[in-house]
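Quick note on our numbering: the sequence shown kicks off at 297 and runs consecutively.
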Amino acid sequence: MNPVAVMRAARGVRDELDSLMGGASGELRDRLDPLLAEAGSRPPGQLADAVIVLVAEYGPAWERLTALLSLDRGLTAEQVLPMLSQGPGAAPQEGGAGPTPPSWGAAPPQNGTDPSGWDPDDFPSTASHTPDWMLPDAGGQGRPMPGSGQAPQNGSEAAYDDGYGDMPSTGAMSTDWMHPDQAADPAAPSSPPSREPQAASPETPQTPPEPPSRTSQAPSPRVPPPQTPASAPPEPAPAPADPPAAPPPAEGRGPSVLNRLTGAFRRRRKEPPAPAPGPEWEGIPLIEAPAEAVAGWGAEVTIGVAPGPGRNGTATPREPIDLDIQVVAEGFDAPGGWRVRLRADKASSYPGAVVNLVALAQEEPEAARQIQVTYAVRGQVIGFGLRAVTVHGSPGSLGGHEALEPVSGTRIRPALMGEPADVTAIIVHGDRPGRLWWTYQSPHFVTPDRAERCDLGTRASEFGRHLTGRGRLSEDLGREVGSRVPWGFWDLLNAVAGRVAPRRPNVLILSQEPHVPWELAVLEQPYDPSLPPYLNCQTVTGRWPLGGRRPELPPPANARADRVAVVYGEAQAHPLVTEYGATQVSPALGDVLGVLGQGPDIIHFTDGGSASEALGYELPGAPFVFLEEPGDTQAFLIAGASGVVAPLWPAGGGLAPEFYRRCFAGEPPAEVLRSMRAQAPDSAGAYRFHGHPALTLRRTAPPAG
C-alpha cells in the first residue's frame, strides 16, 4: 500500500469528522492535524504508520479510513501496517512480478483424514522426519473432543476448534495423556530437498454446522487444579527411557510434514543447546500462493524461507537450523497437517515445502482470507509472515484479482535467538471481527499443530475498552478475560508449570491485537494460593506485537541501562536523577525529541502528554520505555523500543524507585512487576509489561553519588 494513499485518505477522514463522530470529533482532530501537517517533513512510511495507529483508536473514523482505502472494514491497524512494508515510493507489484504461483487444482479433491485423530500411516512416504526431538508416551490413547465426544468433520472451520481434546486435570506433567510418537519411520529412505506436494489434495469437504462458541459456556477458564500446594511443588513425572537413536539423515533430506498433533502434547527430548547461527544468514517469509482460490478446490501453497532484499541467496547458516513452520488459514483445511519442519543448512540455505490446503465451502460469493505463518526454532518464535488470498464461491468469478500482494511480516533472524519462554501463545486475527486463532510453542513439549478459535463477540478493540474502561482490577474482570482464553492454553501451561517447578513459568504472548489484557485472566486454581489469581501474578508474563515488519522477532532478552532520561516537568530533580544520574528534560516536544535523538538506554515518561507527542518517531538504540500514564505502547515498540511498561488505566506513580532498584540489581522487569502486583494489586496491578519475560537491564555505570 502506498503511504501517500494513506495520507490522502486520512485528509478525507479529517474533513468528514463532524459527520462521522459529531461532538466527539474534536479530540481526534486535535491529534490528527499535527500529523497531517508533517507531510513532507517526515518519511512517508513512518508518518503513515503513525496516522494508522492513531485513527484506529476511533471506530467510525477507522471504518471510514478503511473504506477510502478500499480495504476490508474488518481490518485493524495491526493488519494494515504490514501493507506498508514496501516503504515509501515503492512501485506496486504487477501480476507478473515475483515468483510464479503454483496452479490450483481444477478437480475437487478427496477427503481422507480425520482432523482430530492421528494415524502413523497418514504421514507422507517422502517425509524423512527424524524423531529425536520427541519422546513416546507411556501408552496414553487419543481422546475425543470436549462435548460430543466426536471430532468435527474434516473440511470445516469446526476442524480448527477444540484442538486439545479432553485431558485429565493435573497440575503437573503426566505421561498418561500424551499420544504415541507420530514420527515417520526413521528407517524410511530420505528424499532430496524438494518442493513437491507432500500429500494428495482431498476431495471436496462436507461442511458441518459450526459448533457453538465457548463464550456461551461458563465464564471461567477450564484450568486444571494443581496436585499439591505451591509451597510443595510436585516432582515432575519421570521421563520414559529414550528411544534408540535414529539413523543420521541423508545430507539432502527433504522437508518433514508433521501430521495432526491435535489432542495432546508430547515431551521433547533433551536436546543440546541451539547452535549459534552465523549472523550473516537471515531470510524473509516465503508464502507462494495465487491471489485467488475457489471453495472446494485443493491448493498447493509453498512455505519456507527466501533471501531478503539485496541478498543473492548464497549465505548459509553456520550450523543447521531446524525451523518449525506453523500455518493458520481460516476458511481452509490442511489434510496433511498445519505444521512443517524444514532444515536450513549448507545443502539448502533457503528451504521450502508444499502444504496442501483446501478452500472450504462458504456462504459469501467472495471472501478475503489470509495465510499466516509462524517460524519457530526449539519452541522460540523467530519470524512471522502473512499473505492475502481471495476465495470465490464458484470458478466463474475467477480473474478479478490477478495482482499478488507482497508477503508482509518480520525478517527471520536466528542470530537474535535467546532463551525461549516456557510457553508462547501466538494470537492472530481471524477473517471476522472479534475472531482470533491461538497456537502455541514451548521448548518443553511438542504442541498441537491446529489453531484454537476464540470468539470475543465484538471487535477486539471494543472488548478491550470494555474491560480496561472500568479503571480498576477485579476478579470479575479476570474471569471475563479468562473465559475467552482457549482451553489448550491452560492445559499446556499446567503441564509446563509441573515440569519447571519450583520456579514460575515464563509466558510470552505474541498478539496481533493489542487491546485485550490477556495477562489479567484469572486462574480458578492458582499455583500459589497466597498470590492474586491473575496470570501475570502466578507466572512471569510478557507481551509483544505480531503482524508487521516491526517490531522484529524474537523480542530482545537484554537491554542496556547506562544512559537514563526522565521526562519530568517539575523544578526539583526527579529521584532517577539523584539516584542514577539520569538526564532530566522538560515535557516540551522539542526537548523530548532532542533527548530521543541522543539514543538513551531508558526513557521514563512521567507525563502522558509528552509521551503521546513522541509517538511515530524512531527510537535509536532500542531503549527501554516506562510510562507512568496510559499510552500507546505498541507505537513505541514499532518505533524500536526493547520493552515498554505502562498502566492500562491511571494508577498513580510511586512504583519507579523500587522498580529500577530491583531491575538494576539484575532482576528481569517482568519478574519485578509480577512481585509488585502481588504486593499491591490495586496500584501495580494496572501495569502491563511489553517485552520478553526474561529481559534484563544491563547497567555497567555505577549510580551517581
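All C-beta atoms, glycine included, are put in the ideal place defined by N, C-alpha and C.
- prompt: Are the beta-carbon atoms belonging to ALA878 and HIS870 less than 9 angstroms from one another?
  reply: Within the sequence shown, residue 878 is the residue found at index 582, counting from 1. Within the sequence shown, residue 870 is the residue found at index 574, counting from 1. The answer is yes: Cβ separation under 9 angstroms.
task: Please specify which runs of the beta strand (DSSP E), each continuous and at least 3 residues long, are wholly inside the segment 704-757, giving them in chain order.
output: 719-725, 731-737, 748-751
- request: In angstroms with no decimal places, state the Cα-to-Cα distance between ILE708 and ALA625.
  value: The sequence position of residue 708 within the sequence shown is 412, counting from 1. The sequence position of residue 625 within the sequence shown is 329, counting from 1. Using only the alpha carbons, I get a separation of about 20 angstroms.
task: Would you identify the three-state DSSP class for ASP618, choosing helix, strand or coil?
output: Residue mapping note: residue 618 aligns to position 322 of the sequence shown, counting from 1. Three-state result, ASP618: strand.
query: Span of the alpha helix (DSSP H) holding GLN930?
result: Working through the sequence shown from its first residue, we reach residue 930 at position 634. Segment 929-935, the alpha helix (DSSP H) holding GLN930.
- request: Let me know if GLY436 comes out buried or exposed under the rule of 16 or more other beta-carbons within 10 Å of its beta-carbon.
  value: Position 140 of the sequence shown, counted from the first residue, corresponds to residue 436. For GLY436, the predicted structure reports a pLDDT of 34, less than 50, and the residue's modelled location is therefore unreliable. A value from the coordinates is still provided. GLY436 comes out buried.
query: Between the Cα of GLY865 and the Cα atoms of GLU312, GLN342, GLY322, ASP887, which residue gives the shortest distance?
result: Residue 865 sits at position 569 when you count from the first residue of the sequence shown. Ranking the options by Cα distance to GLY865, first place goes to ASP887.
task: State the DSSP-derived secondary structure class of TRP945, mapped to helix, strand or coil.
output: Translated into the one-based positions of the sequence shown, residue 945 becomes position 649. In this structure, TRP945 counts as coil in the three-state DSSP scheme.
Euclidean distance between Cα positions of ALA791 and GLY730: As a position in the sequence shown, residue 791 is number 495, starting the count at 1. As a position in the sequence shown, residue 730 is number 434, starting the count at 1. Computed Cα separation, rounded: 29 angstroms.
Enclosing alpha helix (DSSP H) for ASN832 [first to last residue]: Position 536 of the sequence shown, counting from 1, holds the residue named residue 832. Segment 831-834, the alpha helix (DSSP H) holding ASN832.
query: What residue range is occupied by the uninterrupted alpha helix (DSSP H) comprising ARG665?
result: As a position in the sequence shown, residue 665 is number 369, starting the count at 1. It is not in any alpha helix (DSSP H) - ARG665 instead sits in the beta strand (DSSP E) that spans 662-673.
- prompt: If we call anything under 9 angstroms between Cβ atoms a contact, is PHE920 one with SER938?
  reply: Walking along the sequence shown from the start, residue 920 turns up at place 624. Walking along the sequence shown from the start, residue 938 turns up at place 642. A contact, by the Cβ cut-off of 9 angstroms.
task: Work out the CA separation of VAL623 and VAL590 for me, nearest whole Å.
output: As a working note, residue 590 is residue 294 in the sequence shown. As a working note, residue 623 is residue 327 in the sequence shown. So the two alpha carbons sit approximately 19 angstroms from each other.
- prompt: So what's GLY987 in DSSP terms, helix, strand or just coil?
  reply: The residue given as residue 987 occupies position 691 in the sequence shown. Looking at GLY987 - three-state DSSP - the assignment turns out to be coil, as it is neither helix nor strand.
message: So for GLN676, helix, strand or coil by DSSP?
response: What you label residue 676 is simply residue 380 of the sequence shown in a count that begins at 1. Three-state DSSP puts GLN676 in a strand.
query: How many angstroms separate the CA atom of LEU712 from the CA atom of GLY689?
result: Here residue 712 corresponds to residue number 416 of the sequence shown, with the count starting at 1. Here residue 689 corresponds to residue number 393 of the sequence shown, with the count starting at 1. C-alpha separation (whole angstroms): 43 angstroms.
query: Is the CB-CB distance between VAL347 and LEU324 below 9 angstroms?
result: The sequence position of residue 347 within the sequence shown is 51, counting from 1. The sequence position of residue 324 within the sequence shown is 28, counting from 1. Result no, Cβ atoms of VAL347 and LEU324 do not sit closer than 9 angstroms.
field: Alpha carbon of TRP577 to alpha carbon of ALA664, nearest angstrom
entry: Position 281 of the sequence shown, counted from the start, is the residue given in the question as residue 577. Position 368 of the sequence shown, counted from the start, is the residue given in the question as residue 664. C-alpha separation (whole angstroms): 34 angstroms.
message: Helix, strand or coil, according to DSSP, for VAL812 in the structure here?
response: Indexing the sequence shown from 1 puts residue 812 at position 516. Correct three-state label for VAL812: coil.
query: From GLN478 to VAL742, what distance separates their C-alpha atoms?
result: Reading the sequence shown from its first residue, position 182 is the one you call residue 478. Reading the sequence shown from its first residue, position 446 is the one you call residue 742. No answer about GLN478 holds up, because its pLDDT of 34 lies below 50 and its placement is not dependable.
task: Write down the C-beta distance between VAL309 and ALA352 rounded to the nearest angstrom, noting that I regard them as a contact closer than 8 angstroms.
output: The count along the sequence shown starts at 1 and reaches residue 309 at position 13. The count along the sequence shown starts at 1 and reaches residue 352 at position 56. At roughly 12 angstroms, the Cβ-Cβ gap does not stay under 8 angstroms, so VAL309 and ALA352 are not in contact.
message: Bridge partners for HIS900 per DSSP, in chain order?
response: Counted from its first residue, the sequence shown places residue 900 at position 604. Paired residue(s): VAL862, PHE922.
task: Decide if the segment 889-903 is in contact with the segment 973-990; the criterion is three or more beta carbon pairs, one per stretch, under 8 angstroms apart.
output: no
- prompt: Does DSSP classify SER645 as helix, strand or coil?
  reply: Taking the sequence shown and counting its residues from 1, one reaches residue 645 at position 349. Coil, per DSSP.
- prompt: Do you know offhand how far HIS988's Cα is from ASP772's?
  reply: Numbered from 1 along the sequence shown, position 692 holds the residue referred to as residue 988. Numbered from 1 along the sequence shown, position 476 holds the residue referred to as residue 772. Their Cα atoms are separated by approximately 28 angstroms.
message: Determine, for PRO586, whether the minimum Cβ-Cβ distance to residues of chain C falls below 9 angstroms.
response: The question asks about chain C, but that chain is absent: this structure has only one protein chain.
field: Option nearest HIS725 by Cα separation, candidates GLY695, HIS762, GLY681
entry: Numbered from 1 along the sequence shown, position 429 holds the residue referred to as residue 725. Nearest option by C-alpha distance: GLY681.
task: Could you pull the start and end residues of the beta strand (DSSP E) that PRO581 belongs to?
output: The residue given as residue 581 occupies position 285 in the sequence shown. Looking at the DSSP string, the run of the beta strand (DSSP E) that includes PRO581 is 580-584.
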